[in-house]
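When we follow my numbering, the leftmost residue of the sequence shown carries the number 6, and every step to the right adds one.
C-beta: ideal position from N, C-alpha, C; glycine also.
Just so it is clear, the structure is predicted and the values come from calculations on it, not from any experiment.
So the structure is just underneath, and the comments pick up after that.
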Amino acid sequence: MQACAWSVALVGLDGRIVEVEADIGAGLPRTVLVGLADTALSEARDRCKAAVGNTGHSWPASLLTINLSPATLPKTGSHYDLAIVAAVLAAAEVIPRAELAGTVLLGELGLDGRVRPVRGILPAVLAAAQAGFTRVVVPVRQAGEAALVEGLDVLGVGSLAQLVALLRGDPVPEAEPVEVLGEAPSDHRTRPLDLADVVGQVEAKWAVEVAAAGRHHLMFSGPPGVGKTMVAERIPGLLPDLTLTEALEVSAVHSLAGFNLADGLITRPPYSDPHHSASVASIVGGGTRMAKPGAISCAHRGILFLDEAPEFPTRVIDALRTPLESGTVTLGRSEVQARYPARFQLVMASNPCPCGQAATPGAHCSCPPQAVRRYAERISGPIKDRIDISCVFLPLRKAYLAAALQRTESSAVVGERVREARDRQERRLAGTGWRTNGEVSGPYLRRQLPLPDGLQVVENAVNRGRLSPRGVDKVLRVAWTLADLAGRDAPGTDEVAVALAMRRGEQLDRTEAG
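Rendered as structure tokens:
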């Protein structure tokens, strides 16, 4: 007797349909599982057998062969349990084979038959819909997440007994809720912090407005306690909502990373701020057989903030080079390659030296010159060259502090200007696949868009070796963003000069950009 069910294998965010075949044949009682299964999946034989027995049904008392096809595709995870049990029970004629046609089953089984949540429900259901399936069976707690994909009949089950009853058309019994300890909560519904909370630091607020408008990478530098982290945490509040396509993509990554999407799609740009002790695998992504998304993928379409950036291992910082340019990260393993989106906006913050007081007016630095130099060199030149805007924070003076308290703009006001600037960019870049100035390629920037006036200052910087060819493109992108914020059709001499100064981290009066 033979039957089959369907599940999904995830390689990165790409889903592959897996056919789960069960064959009950003659031979001594044993269960054979084939199809390049990892340890968690190999243990499914014992989990499924116990769950079937505790639900009141019998596990086949003869040779049972379970095959996961395609056999050449590595399979990992515990979400195949439901499909395995469904195929076995259909082969044993406990449930009708016809009920499994066009149905994808996802979920982990407990020994008592309860169905537990699993990672990656959203990307797996998206793959099922694209493959033409019309129904999915998922853990009841994740039915809302699966229902985010339109065009599918979603069945949420809390136990194996419920699944059998649904497929047989019998009355559905009650099931105790499954509580999963350590499940990562999703914080994308929390209210964004307000830029009005930041006292003073007018230049820093302007820098983050420009960066948010054009999706430019930022570098903050200054002594401890001047507000670098406070400003960075408020950048997501300036960004516009994600489009539906972006929300699905971001939510799929977070689903695979184990976040709870019970509240619906992630519609706000995410914010990721890993600790400086994080490993390369936790930042970029990793795993033994099937690599998991890291912090840079969880920051896709949002902000990746590296506080105390020089304290991060050099390997971690340098691993950001390729994702910053390509917007994706490819994690190769011996059996498979996983690709994740990583189009994040990088914001780094650092002190000027280990003690934090170097080059600070009125402060005394106790670090020797060699220590200051080594501290600055922890962030490599190639990474610094990928930064669009550098901003130096200075301690506030009493008179300036009093004036700053009287005039502060909220995130809503600044965010409205950001949205208007992004609308201008979207209209100008329509049909190119890009939506912001920070994404535009160098060739398109130089050949398809009109070159601004005032490029002499840029040429002088190149001739003096103070600006690389990549840096020229960075300056032009920021100049276009400054023009968009000012409501101008193209940047001029002033925008180019200000963009160059912002890249160098020079102190600049807010009024110089008009």
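Asked                                                                                                                                                                          : Found
Starting from E24, trace the beta strand (DSSP E) in both directions and tell me its first and last residue.                                                                   : D19 to G30
Taking only three categories from DSSP, how would you classify T319?                                                                                                           : helix
Among the residues of its own chain, which have a CB less than 7 Å from the CB of A363, if the five just before and after it don't count?                                      : P357, C370, C372 and V377
Report, in whole angstroms, the separation of the C-beta atoms of A92 and A14, which I expect to be a contact under 8 Å.                                                       : That belief does not hold up - the Cβ atoms of A92 and A14 are roughly 15 Å apart, past 8 Å.
Mind listing, in chain order, the continuous beta strand (DSSP E) runs of no fewer than 3 residues lying wholly within the segment 343–382?                                    : 350–355
Do H221 and R440 have their beta-carbon atoms positioned less than 9 Å apart in this structure?                                                                                : no
Does DSSP put V159 in a helix, in a strand, or in coil?                                                                                                                        : strand
Taking the Cβ atom as the reference point for each residue, do P79 and L41 lie within a distance shorter than 9 Å?                                                             : yes
DSSP three-state call for W211: helix, strand or coil?                                                                                                                         : helix
Between which two residues does the alpha helix (DSSP H) carrying A237 extend?                                                                                                 : K233 to E238
Jot down the residue ranges of each uninterrupted alpha helix (DSSP H) in the segment 460–510, minimum 4 residues, whole runs only, in chain order.                            : 461–468, 474–491 and 498–509
Taking DSSP's pairing of strands, which residues face F310 in a bridge?                                                                                                        : V352
Looking at A354: is its Cβ nearer than 9 Å to the Cβ of F225?                                                                                                                  : yes
What three-state label does DSSP hand N265 in the structure shown?                                                                                                             : coil
What is the C-beta distance between A134 and V154, in whole angstroms, given that I count them as a contact (C-beta under 8 Å)?                                                : 5 Å
Give, in chain order, every unbroken run of the alpha helix (DSSP H) that is at least 4 residues long and sits entirely within the segment 45–109.                             : 49–59 and 86–96
In angstroms, rounded to a whole number, what distance separates the CA positions of S531 and D246?                                                                            : Any answer about residue 531 is impossible in this case: the structure gives the chain only from 6 up to 519.
Please state whether the Cβ-Cβ distance between T60 and L165 is less than 9 Å.                                                                                                 : yes
Label V418 either buried or exposed according to how many other C-beta atoms from any shown protein chain fall within 10 Å of its C-beta, with 16 as the threshold for buried. : exposed
Using beta-carbon positions only, say whether V16 and A426 come within less than 9 Å of one another.                                                                           : no
Answer yes or no: the CB of A363 versus the heavy atoms of the ligand ZN, is any distance below 8 Å?                                                                           : This structure lacks the ligand ZN; in fact it carries no ligand of any kind.
Can G332 and P318 be called in contact, C-beta distance under 9 Å?                                                                                                             : no
Three-state secondary structure (DSSP) at V37?                                                                                                                                 : strand
What are the start and end residues of the beta strand (DSSP E) that includes G337?                                                                                            : T333 to G337
Does the segment 60–69 touch the segment 102–109, meaning 3 or more C-beta pairs lie closer than 8 Å?                                                                          : no
Does L270 come out as helix, strand or coil in the three-state DSSP assignment?                                                                                                : coil
Report the rounded CA-to-CA distance for V39 versus E24, giving the unit in angstroms.                                                                                         : 12 Å
If A262 sits next to P298, beta carbons under 8 Å apart, how far is it from one beta carbon to the other, in whole angstroms?                                                  : 5 Å
Taking 8 Å as the limit between beta carbons, can you name the residues of its chain near I322, skipping five residues before and five after?                                  : L311, A314, R383, I384, S385 and I388
Count the CB pairs spanning the segment 469–476 and the segment 485–500 that are closer than 8 Å, and state whether there are at least three.                                  : no
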